[in-house]
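Residue numbers (mature numbering (1 follows the signal peptide of the UniProt record, and there is no 0)): -26 to -1, 1 to 442. Glycine is no exception: its CB is placed at the ideal position from the N, C-alpha and C atoms. Remarks on the structure that follows.
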């Protein structure tokens, strides 16, 4: 899910300490402009529109400044260097329109769900969390919700009319037990992205069945081209491929039950999925040594023309452009499952507001400004996706984006397993996954081990559910 630079253990511990101490990791300045503050101290709606005016007491009700001093917000994201730079530009534009609010962006980039939630938890435990922060959905957001560390957002949905601004299924995807604790800003669908020039060189067409996909992989190997470049470090890049195999072997209904722990993982469908994972690794369809490679570095062979495919989301489009690549040489493949509906892996990304924030209204004002169609169009390259409806992008500037967004909008989805499972159980998923690839477990042993881990986790956590 994540994208960006790399962070090692020492850097992670340092980032955790900084978050706990409230020290700024990255800063941006505020430019002064004509005030847009409402009479009662609350910021008026963004000039881009998209919502009703806040109540006259909005600024003071959430702890807003009444002394004329600017409210300062800390905003944590996982953006890489290019994404952070674009977000800083957006923040600067917001501050020019809202001089009573200043925002400092802090970033923890590169490892995604492997460390980012832990950095946040450290800040929460230290009593000094960011005011607002990026988060995924499902089990990754659940611990913050269950610990009562974030606010419910229904009041702001009503105030700003966000139900009319956002894509409905993106809003539905972030709900927990029927309640809203965040605002979706991106809805990311994933699939195979491929080099058209490599396919054309060897007379290949995008596969319509899994059998055709395997034939492509074998033919590419015969020409010393890696079929799929992946990074095994952190686990989640390889997880995408295994999730696809489980969806294909189990089918949509059973896959959902597996994610909810309502079906046994010691199942022939899971065994077959593990067999496919081992097959792709042992057949050399994935580059040798990929388990030690970071997901970002796994893109290098693809850009160099040494690998034909990667398993990514729409965020890869701005990355292709940033790398100076010819975008016309790249395309996407919806992973064929043979099932109806043919689902893709997809997940929401949201902004949440910490309950400890003294300025939730000002944080909500920034969110409202950021999710407006005109702002999403202008800063689309921050993440290469949007959860805002009616975003219209220039087809000349974004030749693939509108096509891919249509795929995401018209396909039902299954969540990545790391948004279905809590971290403790996800660690077992990664451990079994790695053992299957390395040959330390047979697929049959892996299925039994995964079911054992699921049973033990359920016994320790009665009633918990990441997908509820």
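Beta carbon of residue i nearer than 8 Å to that of residue j
| i | j | result |
| --- | --- | --- |
| residue 360 | residue 160 | yes |
| residue 393 | residue 209 | no |
| residue 272 | residue 204 | yes |
| residue 106 | residue 325 | yes |
| residue 61 | residue 79 | yes |
| residue 289 | residue 358 | yes |
| residue 163 | residue 381 | yes |
| residue 87 | residue 54 | no |
| residue 217 | residue 391 | yes |
| residue 345 | residue 157 | yes |
| residue 201 | residue 150 | no |
| residue 399 | residue 421 | no |
| residue 237 | residue 228 | yes |
| residue 449 | residue 441 | The shown model of the chain, from -26 to 442, leaves out residue 449, and the question about it has no answer. |
| residue 77 | residue 114 | no |
| residue 351 | residue 108 | no |
| residue 321 | residue 110 | yes |
| residue 419 | residue 239 | no |
Helix, strand or coil at residue i according to DSSP, with G and I counted as helix
| i | result |
| --- | --- |
| residue 293 | helix |
| residue 427 | helix |
| residue 86 | helix |
| residue 81 | strand |
| residue 254 | helix |
| residue 123 | coil |
| residue 139 | coil |
| residue 235 | coil |
| residue 345 | coil |
| residue 280 | coil |
| residue 186 | helix |
| residue 396 | coil |
| residue 323 | strand |
| residue 71 | helix |
| residue 160 | strand |
| residue 61 | helix |
| residue 354 | helix |
| residue 174 | helix |
| residue 155 | coil |
| residue 112 | helix |
| residue 40 | Because residue 40 carries a pLDDT of 48, less than 50, the predicted location of this residue cannot be relied on, and the following value inherits that uncertainty. In this structure, residue 40 counts as coil in the three-state DSSP scheme. |
| residue 47 | strand |
| residue 339 | helix |
| residue 286 | strand |
Residue i versus residue j - alpha carbon distance
| i | j | result |
| --- | --- | --- |
| residue 176 | residue 131 | 52 Å |
| residue 435 | residue 186 | 42 Å |
| residue 181 | residue 69 | 48 Å |
| residue 127 | residue 174 | 49 Å |
| residue 292 | residue 430 | 42 Å |
| residue 196 | residue 168 | 18 Å |
| residue 207 | residue 284 | 15 Å |
| residue 74 | residue 340 | 12 Å |
| residue 364 | residue 171 | 33 Å |
| residue 297 | residue 64 | 22 Å |
| residue 329 | residue 124 | 5 Å |
| residue 9 | residue 94 | At residue 9, the pLDDT of 29 sits below 50, so the modelled position is not reliable; the number obtained from the coordinates is stated separately. For residue 9 and residue 94, the distance between alpha carbons rounds to 33 Å. |
| residue 263 | residue 335 | 49 Å |
| residue 299 | residue 279 | 11 Å |
| residue 389 | residue 102 | 31 Å |
| residue 275 | residue 261 | 9 Å |
| residue 45 | residue 338 | 13 Å |
| residue 199 | residue 165 | 19 Å |
| residue 269 | residue 118 | 26 Å |
| residue 183 | residue 194 | 17 Å |
| residue 445 | residue 122 | What is shown of the chain runs -26 to 442, which leaves residue 445 out entirely. |
Contact set for residue i: own chain, Cβ-Cβ below 7 Å, skip 5 residues either direction
| i | result |
| --- | --- |
| residue 423 | 406, 415 |
| residue 386 | 315, 317 |
| residue 255 | 411 |
| residue 354 | 360, 367 |
| residue 267 | 205, 206, 207 |
| residue 219 | 247, 250, 251 |
Cβ of residue i within 8 Å of any chain D Cβ
| i | result |
| --- | --- |
| residue 289 | Absent from the structure: chain D. Only one protein chain is present. |
Neighbourhood of residue i by C-beta distance below 8 Å, restricted to the same chain and skipping five residues each side
| i | result |
| --- | --- |
| residue 372 | 291, 354 |
| residue 215 | 202, 204, 251, 254, 285 |
| residue 213 | 390, 391, 392, 403, 404, 407 |
| residue 302 | 170, 373 |
Cutoff 6 Å; reference residue i; Cβ partners in own chain excluding five residues on either side
| i | result |
| --- | --- |
| residue 304 | 294 |
| residue 327 | 106, 125, 334, 337 |
| residue 438 | none |
| residue 257 | none |
Contact the stretch 307 to 317 vs the stretch 135 to 147: 3+ CB pairs below 8 Å: no
I'd like to know if the stretch 239 to 253 and the stretch 211 to 230 are in contact, where contact means that at least 3 CB-CB pairs between them fall below 8 Å. Flag = yes, the stretch 239 to 253 and the stretch 211 to 230 touch.
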